[in-house]
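Colleague: My questions will all concern the structure given below.
Protein chains in written order, with our numbering: chain A, 13 to 354; chain B, 13 to 354.
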């Protein structure tokens, strides 16, 4: 009997600067066989996320680096196609953090079962998953926006940013988004209800930003860092709060770039800036999921997905994050389920 | 009858870069005459402070700029030499924020009476005044150091830094100071009980700093900014807190200098950084004074003063702050009291 084969995506090189397709290697392997308490999972959707760029670098960080010539790992949705656990049966849909592979074997304890009738299953990789939770805790716990304040969000049309802006609106603030195309600006204002949005690729960006901020900035939710953040920071009000979620502008910069020192301004304005990762909120995640689920059901939260079809296009989808090709959450559709009806 | 004359120090120019003696102008004026509810004050001691450099610049900040050809103002200790208020009598010692002048007239409501028997009166311009309170709230409220953590203080031998380090020791932390001479290093370790101290003027500074921080940095109380802070920030632990009190390294830099962007590292370490000024704690000042007074009486807080003699040397004393010539609080002794016995 011939073992069945599938593919996984390995890290072929540690990229210097912007990663390329050559940094990823598709390797054929035997489909693994589940042991006691394990299940065999068929991957349906993969999540590609900017933070993964950091894990490609061999440096100490809050999560260990990816290993060379080993499968990359990330958030995914999968269908149970074989179960040796009492907790799962064929056709169950689960979310977990597993290898970028067409199939995975996993212990039942590592899996979270998803109710496919409650929302689109992909919501569990976006608004109800790490993305939505990152927006929820990063905005509310760190920046605590108050009704009437001005909240600025960079990377506003991205997965996290688009949720941040909507939560800020729910809290009664004035929300100004920063994004990189006129289509995204239109989307933020007309689809998501942002009060204003500014295109950072325009020559008039700094002027446009100032015009969009007649009352300055009370809260800045920062996904990007770099020059964009420098421009926002110049407009901070007294007692401003900055929630640092990402710095995508520098993820592919090996040197560590230079920017204006901000200490003097932070003193003058009593500004607080804090970085975070979702791990800081491990104990509070259920409360976040509950709040996001409720807002989603009440129609107060919209979410968009950019879905690339085909496992072979996963590297392309990942690289697109750094070019801003995605609107909302970037996902890869790997396969349809065999047993589940979605 | 001829009016009596005295001198005040006016801002002659808005300095560009490092101020010089030429930026100050000594102007002779008539000694003012107190009206109803006012007193005439003879200045005994003046406080010179780094934050005053910011007020010499014509920019919006948390306090308005000094006016050209008007007297500079600052913290001072004075003796009541004539009183038209029921609240004060000749020989009372008061602290207030008034003109850099040999005499001031002030409304009684603006003055705080000092008990000259409780502590040396100059303590009210240092450990029990704005200096001590700045150390107290900036360290405890913003950084909340926990026993066993490592606290780094820059400008450690200065007025604020030396108090910060001692409060951090009272809280059971390991304290590492940064200062600019071997005498200061010796003072921090052998007089104030710091666990370690590093001279930033040595070529081996970065190496020495790393060696002094075997367990990294949990709290950084920053008086200086610039390269020194860059070096400390590279050693931050997860969940580090940075209290931004001053950025003296850039106060005389008109361009706004560049430094490594810190957002990425703050995200990896979930670091929090906050600027403050003492005005943020206006309602809580009495609690701070009470705590500092108690520690002082218990012998847990030492404070040092560098006292320059003579009103005419006030500009020199101020300029010395940027050269690090002071150990502890820099004061100017203007005159002896006429009536009070100290």
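Every residue, glycine too, gets a C-beta built ideally from N, C-alpha and C. Note that the coordinates shown come from a computational prediction; the quantities given were computed from them, not determined experimentally.
Along the alpha helix (DSSP H) that carries residue 174 of chain B, what are the first and last residues, could you check?
Modeller: From DSSP, the alpha helix (DSSP H) with residue 174 of chain B extends over 171-182.
Colleague: Taking buried to mean at least 16 other C-beta atoms within 10 Å of its own C-beta, is residue 157 of chain A buried or exposed?
Modeller: By the neighbour-count rule (16 or more Cβ atoms within 10 Å), residue 157 of chain A is buried.
Colleague: Runs of 3 residues minimum, wholly inside the segment 57-109 of chain B: which ones carry the beta strand (DSSP E) assignment?
Modeller: Listed in chain order, they are 85-95.
Colleague: Thinking just about the alpha-carbon of each residue, which of A:141, A:243, A:347 and A:95 is nearest to the one in residue 121 of chain A?
Modeller: Among A:141, A:243, A:347 and A:95, the Cα nearest to that of residue 121 of chain A belongs to A:95.
Colleague: Less than 6 Å between C-beta atoms, sequence neighbours within five positions excluded: which residues of the same chain meet that for residue 228 of chain B?
Modeller: Only 247 and 249 meet the Cβ criterion.
Colleague: Between residue 216 of chain B and residue 233 of chain B, what straight-line distance do the alpha-carbon atoms span, to the nearest angstrom?
Modeller: Each residue's alpha carbon lies about 22 Å from the other.
Colleague: What three-state label does DSSP hand residue 281 of chain B in the structure shown?
Modeller: In this structure, residue 281 of chain B counts as helix in the three-state DSSP scheme.
Colleague: Give the DSSP-derived three-state secondary structure of residue 314 of chain A in the structure shown.
Modeller: Residue state, collapsed to three classes: coil.
Colleague: In chain order, what residues of the segment 272-285 of chain B put their CB closer than 9 Å to some CB of chain A?
Modeller: Result list: 272, 273, 274, 275, 276, 277, 278, 279, 280, 281, 282, 283, 284 and 285.
Colleague: Name the two residues that bound the continuous alpha helix (DSSP H) containing residue 148 of chain A.
Modeller: Taken as a continuous stretch (DSSP letters only), the alpha helix (DSSP H) holding residue 148 of chain A covers 142-149.
Colleague: Quick one: which chain B residues come within Cβ less than 8 Å of residue 259 of chain A?
Modeller: Going along chain B in sequence order, the residues near residue 259 of chain A (Cβ under 8 Å) are 273, 275, 276 and 279.
Colleague: Between residue 223 of chain A and residue 166 of chain A, which are expected to be in contact by the criterion C-beta below 8 Å, what is the C-beta distance as a whole number of angstroms?
Modeller: Not quite, the Cβ-Cβ distance comes to about 17 Å (not below 8 Å), so this is no contact.
Colleague: Given residue 101 of chain A, which residues of its chain have a CB within under 7 Å of its CB, disregarding the five upstream and five downstream residues?
Modeller: Answer for residue 101 of chain A: 92 and 95, listed in chain order.
Colleague: Classify residue 123 of chain A as helix, strand or coil using the three-state DSSP reduction.
Modeller: Correct three-state label for residue 123 of chain A: coil.
Colleague: Taking beta-carbon pairs under 8 Å, can you tell me which members of the segment 170-194 of chain A lie near chain B?
Modeller: The segment 170-194 of chain A vs chain B, Cβ under 8 Å: nothing.
Colleague: In the DSSP assignment, find the unbroken beta strand (DSSP E) run with residue 220 of chain A in it and report its ends.
Modeller: Careful: residue 220 of chain A lies outside any beta strand (DSSP E), inside the alpha helix (DSSP H) at 217-223.
Colleague: Could you give the DSSP three-state label for residue 162 of chain B: helix, strand or coil?
Modeller: It is a strand residue.
Colleague: Considering only C-alpha positions, which residue in the set A:34, A:200 and A:103 is nearest to residue 349 of chain A?
Modeller: Of A:34, A:200 and A:103, the residue nearest in Cα terms is A:103.
Colleague: Who are residue 234 of chain B's beta bridge partners in DSSP?
Modeller: According to DSSP, which records beta bridges pairwise, residue 234 of chain B is partnered with B:256.
Colleague: Just to confirm the assignment, what range does the beta strand (DSSP E) spanning residue 188 of chain A have?
Modeller: It spans 186-191 - the beta strand (DSSP E) in which residue 188 of chain A sits, taken as one unbroken run.
Colleague: I need the DSSP call for residue 324 of chain A, collapsed to helix, strand or coil.
Modeller: It is helical.
Colleague: Show which residues of chain A have a CB atom less than 8 Å away from the CB atom of residue 288 of chain B.
Modeller: Those are 279 and 282, listed as they occur along chain A.
Colleague: I think residue 134 of chain A touches residue 343 of chain A, with their Cβ atoms under 8 Å apart; what is that distance to the nearest whole Å?
Modeller: That pair is a contact at about 6 Å.
Colleague: Indicate whether the contact test is met: 3 or more Cβ pairs, each with one atom in the segment 15-25 of chain A and one in the segment 111-119 of chain A, closer than 8 Å.
Modeller: These segments touch.
Colleague: Would you call the CB atoms of residue 169 of chain A and residue 200 of chain A closer than 7 Å?
Modeller: It is a contact, given that the beta carbons lie within the stated cut-off.
Colleague: Given residue 218 of chain B, which residues of its chain have a CB within under 6 Å of its CB, disregarding the five upstream and five downstream residues?
Modeller: Closer than 6 Å at Cβ, skipping near neighbours: 243.
Colleague: Let me confirm a value: residue 71 of chain A is counted as buried when at least 16 other C-beta atoms fall within 10 Å, else exposed. Which label applies?
Modeller: It counts as exposed.
Colleague: Check whether chain B comes within 7 Å of residue 166 of chain A, counting only Cβ atoms and requiring the distance to be less than that.
Modeller: Cβ-Cβ to chain B under 7 Å: no for residue 166 of chain A.
Colleague: Give a yes or no on whether the minimum CB-CB distance between residue 237 of chain B and chain A is below 7 Å.
Modeller: Chain A contact via Cβ: present.
Colleague: Does any C-beta atom of chain B lie closer than 7 Å to the C-beta of residue 269 of chain A?
Modeller: At least one chain B Cβ lies under 7 Å of residue 269 of chain A.
Colleague: Applying the criterion that 16 or more other CB atoms from any shown protein chain within 10 Å of the CB defines a buried residue, is residue 354 of chain B buried or exposed?
Modeller: Its Cβ having fewer than 16 others within 10 Å, residue 354 of chain B is exposed.
Colleague: In whole angstroms, what separates the C-alpha of residue 225 of chain B from that of residue 202 of chain B?
Modeller: Whole-angstrom Cα-Cα distance: 19 Å.
Colleague: Near residue 196 of chain A, which residues of its chain fall below 6 Å by C-beta distance, leaving aside the five closest residues on each side in sequence?
Modeller: Contacts found: 169.
Colleague: DSSP state of residue 336 of chain A, grouped into three classes?
Modeller: Coil, per DSSP.
Colleague: Is there contact between the segment 74-82 of chain A and the segment 43-57 of chain A, where contact requires at least three CB pairs shorter than 8 Å?
Modeller: Touching, no, given that fewer than three Cβ pairs across the two stretches are closer than 8 Å.
Colleague: Could you work out which residue in A:15, A:302, A:335 and A:53 is closest to residue 42 of chain A when comparing CA atoms only?
Modeller: Taking only the C-alpha atoms, the option nearest residue 42 of chain A is A:15.
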